[in-house]
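Only one structure is covered here, and it is reproduced in the block below.
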Amino acid sequence: MKISTITVSAALALILTNQAIAGTPRTEPVQPIPAVEVTNPAMVELGKKLFFDPRLSKSGFISCNSCHNLSMGGTDNIKTSIGHNWQQGPINSPTVLNSSLNLAQFWDGRAANLKEQAGGPIANPGEMAFTHELAVDVLQSIPGYVNEFAVVFGNDALNIDMVTDAIAAFEETLVTPNGEFDQWLQGDDKALTAEALAGYQLFKQSGCVACHNGPNLGGTSYQKMGVIEPYTSASAEVGRAAVTGKDADRFLFKVPTLRNVELTYPYFHDGEAATLEEAVDIMGRLQLGRVYSEQEIGQIVAFLKSLTGEQPRFELPILPPSTNATPKPVPFG
Ligand code: HEC
Ligand code: HEC
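Read left to right, the sequence shown gives residues -22 to -1, 1 to 311 (mature numbering (1 follows the signal peptide of the UniProt record, and there is no 0)).
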């Protein structure tokens, strides 16, 4: 009897101090990023080319990678994106990394999934400013692409559905497993510094995790920006209300992922928070009514930096050349 009591209290002590038995995964409101399983490598390769191909834009200059730069955490690191003709975009570019783990796409969730999302920017006059018909015409004029589409889809009649399928298949591979925090979740006690661990405890105890949870620490719900104190912004974006038309949904945004957040500055839908310290301070006050000390902010930021995972690595795709028949780019106008 005595022995089992000791065992129980020892186990309890282990739980309370967050000491996992080496190699035993922890049970937490945040889960590790699952490693990617590529089921159709040929489609992923094609999608990668399309992601990097600026010929899907009117200017022949803007690719998906222009605003979701995979050398910079899948973002453009500016407040709001620059589109066709140097137009100032209305909103901050979210990362494409781990975006397959989100319940929907865009800050307001207006696209149900990656395939539906991928058609948007090509035809958006403020982004790539093309049409789906012209994009297909361009691809159809390039034999290298026609052959590759035929191999992947078993069909010569190239269409926009195939384009968005391939881009989505590539994006599904853009996951970032094995960050320090994931190693800790999987039972490696040494993976986190004491400061980052204290930051995670604070993140959980003060309630950040109510919104930033799941493997993506976000992407699981729409929440109001400015729960306790209102958020003031020069941006005209209204969030989820733009989709539902309901007044109650004003300023509800899809909770952004905190994965790789060290790389995806500046922060918030309007890009107005330049640093992680600033973003954490604002979140504490506006969402939780809590003012953190400088030390506490440092701890939470140390935790957030442990969420940087292994970035997708691959060879830069070499794109098949245009032909005499390829419609010419229109960079100005
Ligand atoms: C001109 C810059 C620009 C270009 C080019 C661009 N995007 Fe985006 N992307 C954005 C912005 C800005 C948003 C957020 C828009 C919103 O939420 O209203 C976004 C949102 C997304 C999202 C949603 C992520 C999430 O978590 O909600 C995905 C995925 C995405 N883009 C993929 C692509 C793909 C694929 C392409 C190429 C076909 C592309 N983007 C081209 C700027 C751009
Ligand atoms: C009530 C839900 C909620 C709570 C609680 C919450 N957040 Fe957020 N968080 C959001 C939403 C929604 C956004 C997006 C707001 C926007 O862009 O206007 C966000 C954005 C962020 C961002 C910026 C991410 C980016 O890519 O732009 C960071 C960092 C962040 N939160 C950290 C925290 C921390 C740390 C806490 C605890 C102190 C916290 N959040 C508490 C809902 C919440």
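For glycine and all other residues, C-beta sits at the position ideal for the given N, C-alpha and C.
| message | So, under 8 Å CB-CB, Asn238 and Leu117 are touching, yes? Tell me the CB distance rounded to an integer number of Å. | response | In fact, because the Cβ distance is near 31 Å, the residues do not count as touching under 8 Å.
| Buried/exposed call for Ser271, threshold 16 Cβ in 10 Å | exposed
| field | Simplified DSSP state of Gln164, which is helix, strand or coil | value | coil
| request: Keeping to the same chain, check which residues put their C-beta closer than 6 Å to that of Gln9; ignore five residues upstream and five downstream. | output: Pro193
| field | Ala231 versus Phe281 - alpha carbon distance | value | The identity of residue 231 in the sequence shown is Phe, whereas the question assumes Ala. Cα-Cα distance, rounded: 23 Å.
| task | Excluding the 5 residues preceding and the 5 following Thr301 in the sequence, name in chain order all residues of the same chain whose CB lies nearer than 8 Å to its CB. | result | Annotation for Thr301: Ser119, Ile120, Pro121 place their beta carbon closer than 8 Å to its own, counting only its chain and skipping 5 residues before and after.
| task | Would you decide whether Trp162 is buried or exposed? Buried here means 16 or more other CB atoms lie within 10 Å of its CB. | result | The residue is buried, with at least 16 neighbouring Cβ atoms inside 10 Å.
| DSSP three-state assignment for Leu79, whether helix, strand or coil | helix
| said: Between Tyr245, Ile145, Leu195, Thr304, which has its C-alpha nearest Glu23's C-alpha? | reply: Ile145
| query | Going by the beta-carbon positions, is the gap between Met106 and Ser184 smaller than 8 Å? | reply | no
| DSSP three-state call for Ile60: helix, strand or coil? | strand
| C-alpha gap between Phe131 and Phe310, whole angstroms | 35 Å
| request: For my contact list, Pro290 and Thr151 are in at a C-beta cut-off of 8 Å; report their separation, rounded to the angstrom. | output: 7 Å
| field | Exposure of Lys27, with buried meaning 16 or more beta-carbon neighbours within 10 Å | value | buried
| said: Quick check on Met(-22): buried or exposed, where buried means 16 or more other Cβ atoms within 10 Å of its Cβ? | reply: The predicted position of Met(-22) is uncertain, since its pLDDT is 35 and thus under 50; no value can be drawn from it.
| query | Do Ala144 and ligand 1 come close, with the Cβ less than 7 Å from some heavy atom? | reply | no
| query | Which term fits Ile206, buried or exposed, when burial requires 16 or more other beta carbons within 10 angstroms of its beta carbon? | reply | exposed
| Does the Cβ of Gln95 have 16 or more other Cβ atoms within 10 Å, making it buried, or fewer, making it exposed? | buried
| Cα-Cα separation between Thr304 and Phe30, rounded to whole angstroms | 18 Å
| field | Gln277 beta carbon less than 8 Å from that of Ala188 | value | If you check the CB distance, Ala188 and Gln277 do not come in under 8 Å.
| How about Val279 and Val258: do their beta carbons lie closer than 8 Å? | In this structure, Val279 places its C-beta atom within 8 Å of the C-beta atom of Val258.
| said: If you measure between the beta carbons of Ile138 and Ala113, is that distance less than 8 Å? | reply: Yes, the Cβ-Cβ distance between Ile138 and Ala113 is below 8 Å.
| query | Which value, in whole angstroms, describes the spacing of the CA atoms of Val14 and Gly287? | reply | 13 Å
| field | Coarse secondary structure for Gly67, derived from DSSP in three states | value | Residue state, collapsed to three classes: coil.
| query | Within 10 angstroms of its Cβ, does Gln83 collect 16 or more other Cβ (buried), or is it exposed? | reply | buried
| query | Whose C-beta lies closer than 6 Å to the C-beta of Ser71 among residues of the same chain, with five residues either side of it excluded? | reply | Cys45, Thr53, Asp54, Ser59
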